[in-house]
Structures are given as structure tokens and as C-alpha cells.
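Visitor: The structure follows.
Number of protein chains: 2
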Amino acid sequence: MEALTLSNTQKHRTTVDIYGQQFVIMGTESPSHIRLVASLVDDKMREISSKNPMLDVNKLAVLTAVNAVNDYIKIKDQLERLQAELQKEKDN
Amino acid sequence: MEALTLSNTQKHRTTVDIYGQQFVIMGTESPSHIRLVASLVDDKMREISSKNPMLDVNKLAVLTAVNAVNDYIKIKDQLERLQAELQKEKDN
Chain H
1 MEALTLSNTQ KHRTTVDIYG QQFVIMGTES PSHIRLVASL VDDKMREISS
51 KNPMLDVNKL AVLTAVNAVN DYIKIKDQLE RLQAELQKEK DN
Chain A
101 MEALTLSNTQ KHRTTVDIYG QQFVIMGTES PSHIRLVASL VDDKMREISS
151 KNPMLDVNKL AVLTAVNAVN DYIKIKDQLE RLQAELQKEK DN
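So the sequence lines, in the order shown, correspond to chains H and A.
Counted from 1, the first sequence has number 79 at position 79 by the working numbering; the numbering is strictly sequential.
Position in the second sequence counted from 1, then plus 100, gives you the working numbering.
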């Protein structure tokens, strides 16, 4: 997908608060979707921070991205297995 | 899943470089998996940075997490639709 980017010059901007910082996020997604994503990132940052209280905010954000990409890869594997299974069902 | 955390006290540590910063990541995943995830995060940070050259590294990391969680939610929706479809195929 096209990457969401920070912008204050394009339409369809959504302002969100993540870990005490304001972000203006632009993308094709609806503002309610962007707010959902932002709140999940905020939750994940707080969860990781509680386990690593000494972490500076920059490392915390990178580690949050690492966790999210890890979750993404796992679910992508699951999706590919399911697609193969569905194909097998259809072939029967 | 259990969150990956930064640690230098637990076994199964993997040292990775993300956007010029070193991270020691611990988790149940294999070092090769962790290195794959780290390289994807590094790629995504560089992609977003190229589109937003004025972004400070902290905002860049948060925005990378936002993108990763966005991708995760989209693929999760896709997985759920496929699971429903597979169930329908099995019921026929």
C-alpha cells in the first residue's frame, strides 16, 4: 500500500495524538480508520514502555514498529496458508 | 503475541541495526526472523523519510509504527474474510 505520510498541505488530513505527540496524518484512509490505527500504536507504545521503563521515546517508537511488522509477517504467513487451503477446498 | 522487548539480561538476544541505531531485541523468535523484521522496519523508515525529509527521527519512527499497524489491520481484515469464505466452502 501507499505509505501514510505526515503532511499539512494535502486534503484528507487527520490529526491524532500518539504518546503525547500530535501528528497530522494524510492518506486515502478514513479519519476514523486513522484514529483507530493511532490508538493501537499509542497502546502498543505504552505497553512496551511499561516493560522497558528506561527506554527513550525514539527507541520506544522503533521497537513499536518492530513489533507491528512482526505481527504483520505472522498474520501474512497465516493468510498465505489459508489461501492455499481454500484453493485446495475449491479444487475438491 | 508477546511483545518483543529490548533487553540485555535475557537469553535469545539478537542485535540489529535500524536506521543507524543498534537494538538488542529479545523474544522467542529466531535471530534470522528478528533480522528480517528489523530490515523491513529499516526499509520502511527510509521510504517514509524520503517522502518526508524534514521529519525528525522520533516522528519518523512513530509514523513507521503507524504504517505497520495500518498494514496489519488491513491484512487481518483480509484474513477474516478468507476464514469466512473457507468455512462456507467446507459447509457446502
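Idealized CB from N, CA, C, for every residue including glycine.
Is N167 (chain A) buried or exposed, if buried means 16 or more other CB atoms sit within 10 Å of its CB?
Guide: Counting Cβ neighbours within 10 Å, N167 (chain A) comes out buried, since at least 16 surround it.
Visitor: Between the C-alpha atoms of Q22 (chain H) and K76 (chain H), what's the straight-line distance to the nearest angstrom?
Guide: Cα-Cα distance, rounded: 30 Å.
Visitor: To the nearest angstrom, report how far apart Q83 (chain H) and G27 (chain H) are at their CA atoms.
Guide: Each residue's Cα considered, the two are about 28 Å apart.
Visitor: For chain A, is any of its Cβ atoms less than 8 Å away from the one on D71 (chain H)?
Guide: With 8 Å as the cut-off, D71 (chain H) counts as an interface residue toward chain A.
Visitor: Could you tell me whether any Cβ in chain D is nearer than 8 Å to the Cβ of A184 (chain A)?
Guide: Any reference to chain D falls outside this structure, whose protein chains are H and A.
Visitor: Within the same chain, show all residues whose beta-carbon is closer than 6 Å to that of A38 (chain H), passing over the 5 residues directly before and after it, in chain order.
Guide: Correct list, in chain order: V16, I18.
Visitor: Identify every residue that forms a DSSP beta bridge with D17 (chain H).
Guide: According to DSSP, D17 (chain H) bridges with H:Q22.
Visitor: What residues of chain H sit near T164 (chain A), judged by a beta carbon separation below 7 Å?
Guide: Correct list: A65.
Visitor: Are the CB atoms of K90 (chain H) and E189 (chain A) nearer to each other than 8 Å?
Guide: Contact: yes.
Visitor: Is P31 (chain H) helix, strand or coil by DSSP?
Guide: It is helical.
Visitor: Within a Cβ cutoff of 8 Å, which residues of the same chain sit near M45 (chain H), ignoring the five residues on either side of it in sequence?
Guide: Only I18, Y19, L60, A61, T64 meet the Cβ criterion.
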